[in-house]
Structure formats: structure tokens, C-alpha cells
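Residue numbering for the sequence shown is 1272 to 1354, as defined by the numbering used here.
Just so it is clear, CB atoms sit at the ideal spot from N, CA and C, and this is done for glycine as well.
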Amino acid sequence: MAFEEDETVVMHDEHSEYDGEVGTVTRVMETMFGDATYTVQFDEGQEQGVPEDALEAAPDEEVSSTESDDEEDVAEADDESDN
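Following this line, the structure appears as C-alpha cells:
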């Protein structure tokens, strides 16, 4: 499965400090052999030259849980401003 920029992915590379972490694809590069490698941004940094087989699409609950947390923060701020 090819990934595009801004897609959320999970890294699977036991030799990487980001193994098992969720990140965002920030760049897609094609090698001279026609394969894609990726730059993935994580909370604590980024990993470059990541092969496609080291990535998988992040589960929807990983992505939506972050978005719903932001929505809850906005709702709490609205409640506080009403008081």
C-alpha cells in the first residue's frame, strides 16, 4: 500500500527508536529503482528513508482519538466561558 503526504501511519522497525509509534508522512521520495521511501514526522522527531514495508496505516481510533480530544478541549473552554 502506497502512502501519501499527511497520511497517519504506524512505524514497524525494531531498529528504530520510533518502532510502534504513530506519525505523519511528510515526504514521499522515489528511489532510482522506482520504490517509494518516506519521511515520517513523530512527536519526538522524524525518520527519513523509511521503506513502505516498515509502515502501516494507523487505525482510525488512533487518528480520531486525537481529534476528539481537541473537540473536548474546545467544549470545556466554551463551558468555562459561560460561567
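#### Entry: Neighbourhood of Y1289 by C-beta, 7 angstroms cutoff - its chain only, sequence neighbours within 5 removed
Taking the sequence shown and counting its residues from 1, one reaches residue 1289 at position 18. Cβ neighbours of Y1289 beyond the five flanking positions: M1282, F1313, E1318.
### Query
What's the C-alpha gap between A1329 and E1323?
Within the sequence shown, the letter at position 58 stands for residue 1329. Within the sequence shown, the letter at position 52 stands for residue 1323. Whole-angstrom Cα-Cα distance: 14 angstroms.
### Query
Taking the alpha carbon of A1325 as the point to measure from, which residue in H1286, E1276, D1277 has its own alpha carbon closest?
To locate residue 1325, count along the sequence shown from 1; it is residue 54. Per the Cα distances, H1286.
### Query
Is it buried or exposed for F1304, if we count other Cβ within 10 angstroms and need 16 for buried?
Start at 1 with the first residue of the sequence shown, and residue 1304 comes out as number 33. Exposed.
### Message
Measuring straight from C-alpha to C-alpha, what distance separates E1315 and V1280?
### Response
As a position in the sequence shown, residue 1315 is number 44, starting the count at 1. As a position in the sequence shown, residue 1280 is number 9, starting the count at 1. Cα to Cα, E1315 sits roughly 15 angstroms from V1280.
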